[in-house]
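K.L.:
The opening residue of the sequence shown carries number 1 in full-length UniProt numbering; numbering runs sequentially from there.
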Amino acid sequence: MASTSTPNQRHSRVNGTRSHRSNTIQQRSPDREEFTAQEVVMTDELRSHHTNTGNKLLNQYEFMHKLGRGQHGEVFVAIDAKKNIEVAIKAVKRKNPKIDRMQQFRKKNLPSSPHTPVTENLSSTEHKIRKEIAIMKKCRHPHVVQLLEVIDDRLSEKIYMVMEYLAGGEIKWRTTSDEPALRVDQTRRICRDVILGLEYLHHQGIIHRDIKPANLLWSADRRMVKIADFGVSHFSYAQQTHLQSDTRDPILMDDSDLSKFAGTPMFLAPEILSDTTESTATDLDQLATATTTGTSTTLTKKKQPITKAIDIWAFGVTLYALLFGKLPFNAEGEYQIYSVIRTEDWDVPETMGCDHIP
């Protein structure tokens, strides 16, 4: 067992009802000087029951309410009864039969990679979870959401990721009337924090791949912004500038996920879309020749390498959204937006922010 505490210690809880504890719950909103990195606790035993108020209790964590739901799982706000603080818990199913079948079909059609065999014993969904965990375990920075504990009981159908809770929520960047919701000075502070967080991630060899306002979270007092959601992130040994002795995690050596799209369409960089919106004349001639002669051919297009530059582009789109309350590129459908991003320029409004600074 890899946990740093005994089962009795891990599963103890503070006496009293939820209403009693709620008066003293700490909402950690550390300033930069107060940030302290913590080792991620790995727990392989799960105990589940309910409190006398009806709330679900997993080990020492009392689930309070649901924050959101994604493709693979749900996120809850919970109370750590040992530390008396609020945390966010991401509960993810190990297997998603529909998605796993799709990934296995796709995997059979991918070119072979020297790194893929290390994860063949895992389902695609579980591999994705473990890769996210491995990446987050590397992140210890005041502007990156910190993973605190992983509860991975092999008898449970779910893996639980316990993270620090950012009570300020995601950044709201536009009003209901599509106007900027932030002042320019607020945007400046947000960008400072995001740049520091991105610089750290790239220094570690981590490409986030989904930078956007929804993945930037405020602390409770709105004095700090942190980068969240590493579900599609990638770790690159080649781009790592900070050498570490523990980097050779097998789960991170599988680069097959770089062969597929990841991210949010409006924030994708042009180089990611280079093979989705056009074919060259040579390609078309090759296809025409194969069709008329009855031969078969496979059109392989050289993809641009996935680098940290895609995060910088997505950050630029995010900055535009924060300043102007709208996105720089618009189209009716997903493939139309791909073409617009690659071929069209963007307009710059006359004023910035809700304070209308020229």
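Note that CB positions come from ideal geometry on N, CA and C, so glycine has one too.
Here the structure is a predicted model, which is why all the values come from computation and not from measurement.
Looking only at DSSP bridge pairs, what is Arg174 linked to?
P.N.:
Arg174 is bridged to Pro180.
K.L.:
For Phe63, which of helix, strand or coil comes out of DSSP?
P.N.:
The answer is strand: DSSP assigns Phe63 an E or B state.
K.L.:
Do Arg189 and Val225 count as a contact pair if the criterion is CB distance below 9 Å?
P.N.:
Yes, they are a contact pair.
K.L.:
Tell me where the alpha helix (DSSP H) around Lys128 begins and ends.
P.N.:
That run of the alpha helix (DSSP H) goes Ser124 to Lys137.
K.L.:
Consult DSSP for His141 and reduce its assignment to one of helix, strand or coil.
P.N.:
His141 falls in the coil class under three-state DSSP.
K.L.:
For Gly231, which residues of its own chain have a beta-carbon under 8 Å away from its beta-carbon, when the five flanking residues on both sides are left out?
P.N.:
So the list reads Gly70, His72, Lys128, Glu132 and Asp210, once near-sequence residues are dropped.
K.L.:
Kindly indicate which three-state DSSP category Ile306 falls into: helix, strand or coil?
P.N.:
Three-state result, Ile306: coil.
K.L.:
Pull up the distance between the alpha-carbon of Phe315 and that of Arg183, whole angstroms please.
P.N.:
Looking at the two C-alpha atoms, the distance is approximately 18 Å.
K.L.:
Given a threshold of 16 other Cβ atoms within 10 Å of its Cβ, counted over all protein chains shown, does residue 378 qualify as buried or as exposed?
P.N.:
Since the first and last residues shown for the chain are 1 and 358, residue 378 lies out of range.
K.L.:
Let me make sure I understand the geometry here. Which of Glu334, Ser156, Glu74 and Ile306 has the alpha-carbon closest to that of Ser48?
P.N.:
It is Ser156 whose Cα lies nearest to the Cα of Ser48.
K.L.:
With respect to the beta strand (DSSP E) encompassing Val225, which residues constitute its N-terminal and C-terminal limits?
P.N.:
That run of the beta strand (DSSP E) goes Val225 to Ile227.
K.L.:
Count the other C-beta atoms from every protein chain shown that fall within 10 angstroms of the C-beta of Tyr61, then say buried if there are 16 or more, exposed otherwise.
P.N.:
Burial call: buried.
K.L.:
Excluding the 5 residues preceding and the 5 following Glu39 in the sequence, name in chain order all residues of the same chain whose CB lies nearer than 6 Å to its CB.
P.N.:
Within the same chain, Glu39 has no close Cβ partners at all.
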